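**Student:** Residue numbers (the numbering used here): 32 to 411.
Virtual Cβ for every residue (Gly too), placed ideally from N, Cα, C.
Since this is a predicted model, take the numbers as computed values, not measurements.
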Ligand SMILES: *Cc1c(COP(=O)(O)O)cnc(C)c1O
């Protein structure tokens, strides 16, 4: 069989071309940081934090070194007793529970929903015990978890809600009372990541904490910088976890392009939905009408047992790269065997690991490339 070839090379992500479109501003940002040489805590860090906070509806933004540190710092700010339980989804990137485990807290896994991939609020509530110290929810692939139910559970049980918003920067959620909030600004603390492939990516590592509580913002800012209130005065045991001035300066430029990039991702997703919704054996990502979706990933479920890997291989041979987020549920990772979970305990997470396939979705994917990709599904 002669395999078809794409109209132009298809990439999962094309950061070089995205950056080329903003090259003069990036060059200028870089040059300014180099000439002023304020590499740590330079003015661009505070400027970027203020601009991102404004974009996110007025939340306080505390930059830090990466999204994993942000989760660690969020938990540190809660002053939980050793061994306290932290509820986390069974289907997520490992950093979500790694932070808890590193702090000597106990990750308690709960299953997710098969339609949205996000944590099942009923499972969260069922997992709450007198030892529960925090609930970490993840807005996976760019769509908000059920913040209505999760916020209510957090309030009802007096347990802090942390939002791991590494994948959904700029997404919004509408509550039944009419209030609309940005992902990451609803719980006690939100965290995000500026890892290069994230929707708002730096040119290296970066992360931030989000909060609406002024006192917590002060504490978090101290925790990112050795727990100091002023130079050489340490109130808390903190981390060295700061966002480089250089990354902040570059992120200021990229933030200006984020709304357009998000709209481009949403347009790509709408075209995939229209072309793939009726393909047998393929389930397109469910939309929660209360949440906007910023499509960090466009993730299908391939329902026929075992056919996902075959499809991925076929697409690859036709020049279409895809990814599996995530191939293993966290309870099957050797590092977390000590938690004592067994296969079969989180059936939805386990099913998804065998069924999900993420298609290329970046702001520069062209309509022609997409037509080619969806056309391949007709040849299955
Ligand atoms: C990327 C990511 C992180 C970690 O962010 P880093 O900046 O790479 O440390 C945490 N949680 C989720 C859900 C992520 O996607």
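Please determine if the region 355–364 and the region 379–394 are in contact, where contact requires at least 3 C-beta pairs separated by less than 8 Å.
**Tutor:** With the cut-off at 8 Å, the region 355–364 and the region 379–394 touch.
**Student:** Could you check if residue 271 belongs to the surroundings of ligand 1, using beta carbon to heavy atom distance under 7 Å?
**Tutor:** The sequence position of residue 271 within the chain shown is 240, counting from 1. Flag unset: Cβ of residue 271 not near ligand 1.
**Student:** In the DSSP assignment, find the beta strand (DSSP E) that holds residue 195 and state where it starts and stops.
**Tutor:** The count along the chain shown starts at 1 and reaches residue 195 at position 164. From DSSP, the beta strand (DSSP E) with residue 195 extends over 191–195.
**Student:** Quick check on this structure: which residue in 112, 143, 256, 114 has the alpha carbon closest to the alpha carbon of residue 376?
**Tutor:** Translated into the one-based positions of the chain shown, residue 376 becomes position 345. Per the Cα distances, 143.
**Student:** Considering only residues of the region 296–348, which uninterrupted alpha helix (DSSP H) runs meet the minimum length of 4 residues and lie entirely inside it, listed in chain order?
**Tutor:** Correct list: 338–348.
**Student:** What are the boundary residues of the beta strand (DSSP E) that includes residue 238?
**Tutor:** Taking the first residue of the chain shown as position 1, residue 238 is located at position 207. Note, residue 238: beta strand (DSSP E), 238–242.
**Student:** Answer yes or no: the CB of residue 132 versus the heavy atoms of ligand 1, is any distance below 7 Å?
**Tutor:** Within the chain shown, residue 132 is the residue found at index 101, counting from 1. Flag unset: Cβ of residue 132 not near ligand 1.
**Student:** Which one of 74, 94, 73 has the shortest CA to CA distance from residue 255?
**Tutor:** The residue given as residue 255 occupies position 224 in the chain shown. Nearest C-alpha to residue 255: 94.
**Student:** Please confirm whether any heavy atom of ligand 1 lies closer than 7 Å to the CB of residue 198.
**Tutor:** In the chain shown, the residue the question calls residue 198 occupies position 167. Yes, Cβ of residue 198 sits closer than 7 Å to a heavy atom of ligand 1.
**Student:** Roughly how many whole angstroms lie between the Cα atoms of residue 50 and residue 292?
**Tutor:** Residue mapping note: residue 50 aligns to position 19 of the chain shown, counting from 1. Residue mapping note: residue 292 aligns to position 261 of the chain shown, counting from 1. When rounded, the distance between both Cα atoms is 12 Å.
**Student:** Note down the Cα distance separating residue 388 from residue 325, rounded to an integer number of angstroms.
**Tutor:** As a working note, residue 388 is residue 357 in the chain shown. As a working note, residue 325 is residue 294 in the chain shown. Residue 388 and residue 325: Cα-Cα distance of roughly 17 Å.
**Student:** Quick check: what's the CA-CA separation for residue 42 versus residue 352?
**Tutor:** Counted from its first residue, the chain shown places residue 42 at position 11. Counted from its first residue, the chain shown places residue 352 at position 321. Straight-line Cα distance between these residues: approximately 6 Å.
**Student:** So who's on the other strand from residue 275, going by DSSP bridges?
**Tutor:** Within the chain shown, numbered from 1, the residue matching residue 275 stands at position 244. 71, per the DSSP bridge assignment.
**Student:** Measure the alpha-carbon distance for residue 58 versus residue 248 and round it to whole angstroms.
**Tutor:** By one-based count along the chain shown, residue 58 stands at place 27. By one-based count along the chain shown, residue 248 stands at place 217. Approximately 32 Å, taken between the alpha carbons.
**Student:** On the DSSP bridge list, what partners appear for residue 212?
**Tutor:** On the chain shown, position 181 is the one that residue 212 refers to. DSSP lists 204 as partners of residue 212.
**Student:** Candidates 281, 153, 372, 296: which alpha carbon is nearest residue 73's?
**Tutor:** Along the chain shown, one-based indexing puts residue 73 at 42. The shortest C-alpha separation from residue 73 is found at 281.
**Student:** Cβ of residue 24 versus every heavy atom of ligand 1: is any distance shorter than 7 Å?
**Tutor:** Only positions 32 to 411 of the chain appear in this structure, which leaves residue 24 out of reach.
**Student:** Return helix, strand or coil for residue 54, following the three-state DSSP convention.
**Tutor:** Locating residue 54 in the chain shown gives position 23, counting from the first residue. Looking at residue 54 - three-state DSSP - the assignment turns out to be helix.
**Student:** Is residue 229 close to ligand 1? I mean its beta-carbon at under 7 Å from any heavy atom of the ligand.
**Tutor:** Numbered from its first residue, the chain shown carries residue 229 at position 198. Indeed, a heavy atom of ligand 1 lies less than 7 Å from the Cβ.
**Student:** Measuring alpha carbon to alpha carbon, tell me which of 220, 328, 171, 146 ends up nearest residue 165.
**Tutor:** Looking up residue 165 in the chain shown gives position 134. For residue 165, the nearest C-alpha among the options comes from 220.
**Student:** Please tell me whether, using a cut-off of 7 Å, the distance from the CB of residue 226 to the nearest non-hydrogen atom of ligand 1 is below it.
**Tutor:** Here residue 226 is taken as the residue at index 195 of the chain shown, counted from 1. Result yes, Cβ under 7 Å from ligand 1.
**Student:** Taking residue 145 as the reference, give the member of 332, 391, 390, 408 with the closest Cα.
**Tutor:** In the chain shown, residue 145 corresponds to position 114, counting from 1. Nearest of 332, 391, 390, 408 to residue 145, Cα basis: 332.
**Student:** Should the region 210–225 be regarded as contacting the region 97–117, the criterion being three or more beta carbon pairs within less than 8 Å?
**Tutor:** Touching, yes, given that three or more Cβ pairs across the two stretches are closer than 8 Å.
**Student:** Which residue's Cα is closest to the Cα of residue 323: 236, 178, 193, 395?
**Tutor:** Taking the chain shown and counting its residues from 1, one reaches residue 323 at position 292. Per the Cα distances, 178.
**Student:** Report the option in 342, 299, 336, 335 whose CA atom is closest to the CA atom of residue 397.
**Tutor:** As a first step, residue 397 is located in the chain shown; it is residue number 366 there, counting from the start. Nearest C-alpha to residue 397: 299.
**Student:** Compute the minimum distance between the beta carbon of residue 97 and the heavy atoms of ligand 1, and state whether it is under 7 Å.
**Tutor:** Residue 97 sits at position 66 when you count from the first residue of the chain shown. Correct: residue 97 has its Cβ closer than 7 Å to ligand 1.
**Student:** Could I get the ranges of all uninterrupted beta strand (DSSP E) runs contained in the region 82–127, with 3 residues as the minimum, in chain order?
**Tutor:** Those beta strand (DSSP E) runs which fall completely within the region 82–127 and span 3+ residues are 91–95, 116–120.
**Student:** So, using beta-carbon positions, are residue 76 and residue 276 closer together than 8 Å?
**Tutor:** As a working note, residue 76 is residue 45 in the chain shown. As a working note, residue 276 is residue 245 in the chain shown. Closer than 8 Å, so yes.
**Student:** So, is residue 33 buried or exposed, given that buried needs 16 or more other C-beta atoms within 10 angstroms?
**Tutor:** In the chain shown, residue 33 corresponds to position 2, counting from 1. The residue in question, residue 33, is exposed, as its Cβ has fewer than 16 Cβ neighbours within 10 Å.
**Student:** For residue 44, which of helix, strand or coil comes out of DSSP?
**Tutor:** Here residue 44 refers to the residue found at position 13 of the chain shown. Here residue 44 sits in coil by DSSP.
**Student:** Using only alpha-carbon positions, find the residue among 393, 215, 308 that is nearest to residue 169.
**Tutor:** On the chain shown, residue 169 is found 138 positions in, with the first residue counted as 1. Selected option, being the one with the closest Cα: 215.
**Student:** Should residue 301 go down as buried or exposed, given a rule of 16 or more other Cβ atoms within 10 Å for buried?
**Tutor:** In the chain shown, counting from the first residue as 1, residue 301 sits at position 270. It is exposed - the Cβ of residue 301 has fewer than 16 other Cβ atoms within 10 Å.
**Student:** Anyone know if the C-beta pair for residue 342 and residue 104 falls short of 8 Å?
**Tutor:** For the purposes of this step, residue 342 is taken as residue 311 along the chain shown, with counting starting at 1. For the purposes of this step, residue 104 is taken as residue 73 along the chain shown, with counting starting at 1. No, the pair does not count as a contact, with Cβ atoms beyond the cut-off.
**Student:** Cβ atoms of residue 319 and residue 147: under 8 Å apart, would you say?
**Tutor:** Counting from 1 along the chain shown, the entry for residue 147 is found at position 116. Counting from 1 along the chain shown, the entry for residue 319 is found at position 288. Result yes, Cβ atoms of residue 147 and residue 319 sit closer than 8 Å.
**Student:** Between residue 123 and ligand 1, is there a pair consisting of the residue's CB and a ligand heavy atom that are separated by less than 7 Å?
**Tutor:** Within the chain shown, numbered from 1, the residue matching residue 123 stands at position 92. Answer for residue 123: yes, Cβ within range of ligand 1.
**Student:** Just to confirm my understanding: we take residue 79, look at its own chain, exclude 5 residues before and 5 after, and list those with CB closer than 6 Å. What are they?
**Tutor:** If you number the chain shown from 1, residue 79 lands on position 48. The residues are 279, 282, 283.
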